[in-house]
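Okay, structure first, notes after.
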Amino acid sequence: MIGRCLINLYLNAIYAVSGSAEKTIKTEIKMQNKRIVLSVEDNGTGVQKEIQNKIFLPFFTTRSGGSGIGLTLSKSIIEAHKGYLNYKPLEQGSRFEIWFID
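Number 117 marks the last residue of the sequence shown (the numbering used here); no jumps.
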């Protein structure tokens, strides 16, 4: 199930960088505050500030033909594993972090 979450995050990152001349998608795994943090970061278009609070809502999408369930499903999967998924805007792009909690 966590694999499905990562696929969703990578697909979103691929979509976000599709219009960029230089495409970068990074994955990082680190320990922070005695917790494992896995992040997926891209240098794409990012998420507009006015919709950042909606991206985890069911059926919310900005894509033509999108279903709006990818991030909702991903968040539910991580929460079922006693973790959480959050979004951090970057100057250029986005970072999604999965925090695994004991």
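For every residue, glycine included, the Cβ atom is placed at its ideal position computed from N, Cα and C.
Distance between residue j and residue i (C-alpha atoms, nearest Å)
i: Arg-78; j: Asn-27; result: 10 Å
i: Gln-107; j: Lys-38; result: 11 Å
i: Met-46; j: Gly-80; result: 37 Å
Beta carbon of residue i nearer than 8 Å to that of residue j
i: Gly-61; j: Ser-35; result: no
i: Val-52; j: Glu-112; result: yes
i: Tyr-102; j: Gln-63; result: no
i: Val-55; j: Leu-105; result: no
i: Ser-109; j: Asp-57; result: yes
i: Ile-29; j: Ile-40; result: yes
Extent of the continuous alpha helix (DSSP H) to which residue i belongs
i: Leu-112; result: Sequence inspection shows Glu at residue 112; the Leu mentioned does not correspond to that position. Counting along the chain, Glu-112 falls outside any alpha helix (DSSP H), though it belongs to the beta strand (DSSP E) covering 108-115.
i: Asn-27; result: 17-32
Residue span of the beta strand (DSSP E) that contains residue i, given as start and end
i: Ser-79; result: Here Ser-79 belongs to no beta strand (DSSP E), and DSSP marks it neither H nor E.
i: Glu-56; result: 50-57
i: Thr-87; result: Taken as a continuous stretch (DSSP letters only), Thr-87 belongs to no beta strand (DSSP E), being part of the alpha helix (DSSP H) at 85-95.
i: Gly-98; result: 98-105
i: Glu-43; result: 40-47
Burial state of residue i (16 or more Cβ within 10 Å)
i: Ile-116; result: exposed
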